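Using my numbering, you'd call the opening residue of the sequence shown number 2 and step up by one each time.
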Amino acid sequence: MLYRAQDANGTSRIGYAESKDGIHFTSRKEPVFSPEADYEKDGGVEDPRLVEIDGTFYLTYTGYNKKDAQLCLATSKDLVHWTRRGVILPAYKGNWNVKWTKSGAILPTKIQGKYWMYFLGTSADNTDQMGIASSTDLIHWTEETKTPVLPRRPGMFDSRVVEPGPAPIITNDGILLIYNAADDNLIYRTAVVVFDVKDPRKVLWRSEHPLLEPELQWEKVGQVPNVIFVEGMVRKGDRYLLYYGGADKYIGIAESPVR
Numbered sequence: 002m003l004y005r006a007q008d009a010n011g012t013s014r015i016g017y018a019e020s021k022d023g024i025h026f027t028s029r030k031e032p033v034f035s036p037e038a039d040y041e042k043d044g045g046v047e048d049p050r051l052v053e054i055d056g057t058f059y060l061t062y063t064g065y066n067k068k069d070a071q072l073c074l075a076t077s078k079d080l081v082h083w084t085r086r087g088v089i090l091p092a093y094k095g096n097w098n099v100k101w102t103k104s105g106a107i108l109p110t111k112i113q114g115k116y117w118m119y120f121l122g123t124s125a126d127n128t129d130q131m132g133i134a135s136s137t138d139l140i141h142w143t144e145e146t147k148t149p150v151l152p153r154r155p156g157m158f159d160s161r162v163v164e165p166g167p168a169p170i171i172t173n174d175g176i177l178l179i180y181n182a183a184d185d186n187l188i189y190r191t192a193v194v195v196f197d198v199k200d201p202r203k204v205l206w207r208s209e210h211p212l213l214e215p216e217l218q219w220e221k222v223g224q225v226p227n228v229i230f231v232e233g234m235v236r237k238g239d240r241y242l243l244y245y246g247g248a249d250k251y252i253g254i255a256e257s258p259v260r
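Structure follows, in C-alpha cells:
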C-alpha cells in the first residue's frame with residue numbers, strides 16, 4: 002500500500018506498507034516518494050492513485066508547492082524506486098478546470114485505442130468536479146470534454162466536490178468508478194458512478210445516495226473532520242477491500258462482497 006503522510010511542518014510524502022492479509026500492515030520507516038521538484042516543494046506530494054499496466058506501476062499524485070496544486074505522474078517497477086514524469090494536467094490551463102488539478106484515476110485497459118483517466122479539476126466557481134482525459138502512451142494526456150464529465154449536483158451529497166477514487170474497473174455493467182464527494186458543509190462521503198465501456202465519457206448510472214459516510218469517531222474527528230475518502234481498492238477472493246482516509250488522520254478499511 003502507498004499512503005500519504007505529513008511531517009510536523011505539514012509537508013506531505015508517500016509511504017509504503019506491506020500486508021499478507023490486506024488488513025494488518027507494516028510500514029517502512031522512510032518514505033518512498035518525497036518532494037523534489039519545484040512544483041512539489043514545501044507542500045509536498047499527495048493524493049496517490051496507483052495502477053499497474055504491463056508490469057509498470059503508474060502513480061498519479063498531486064504536486065503541491067503551497068501555491069499551486071497540479072496532477073503529476075511517476076512510474077516504477079517495484080513501488081519503491083520512482084521516476085518522475087512531470088505534470089500531466091497543469092493548473093489554470095484546462096477547458097473548464099481553470100484552477101487546480103488533482104486525483105487522476107487511470108483505467109488500465111485501452112478503449113478506442115487510448116487509455117483514459119478521470120481527474121478532479123477546480124472550475125471558475127471554486128467547486129471541484131470530475132473531468133476525463135486520454136492518452137496513447139500513458140505519459141501525455143489530453144482533456145476529452147469541454148465540460149465536466151461528472152458535475153456536482155446542487156443540494157445533494159456531492160454538491161461541492163466530485164473527486165475520483167481508486168482506478169476504475171470494467172464490469173459487466175460498464176466502467177465502475179468509486180468517487181469521493183463533499184456537500185456544501187464539506188462532509189466527505191463515498192459514491193459510485195458507472196460509465197459506458199464503449200464511450201468512457203458517457204454516464205450510465207450514478208449513486209443517488211452515498212455508500213459510505215462518516216459514522217465512527219475517528220472518521221468524524223481528526224485533522225479534517227467528517228471525512229471518508231477512498232483512494233485504494235483491491236479484490237480479495239469474493240470481496241473488495243476499500244482503503245480510505247478517516248478525518249485526514251487515519252487509514253481505514255471497508256469491505257464489500259463481489260456480486
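Heads up, the beta-carbon is just placed ideally off N, CA and C, and yes, glycines get one too.
Model, not experiment: these values are computed from the prediction.
Rounded to the nearest angstrom, the Cβ distance from residue 161 to residue 183 is 5 Å, consistent with a contact under 8 Å.
A direct Cα-to-Cα measurement between residue 30 and residue 203 gives close to 43 Å. Boundaries of the beta strand (DSSP E) around residue 206: 204–207.
Looking from the CA of residue 11, the closest CA among 149, 55 and 67 belongs to 67. Taken through DSSP and simplified to helix, strand or coil, residue 111 comes out as strand.
In the displayed model, residue 129 falls within a strand according to three-state DSSP.
For residue 48, the three-state secondary structure derived from DSSP is strand. Here residue 235 has 242 as same chain residues with Cβ atoms under 6 Å from its own Cβ, once five neighbours each way along the sequence are excluded. Per DSSP, the beta bridge partners of residue 85 are 75.
Collapsing the DSSP output to three states places residue 41 in a helix. In this structure, residue 180 sits near residue 166, with a CB-CB distance shorter than 8 Å.
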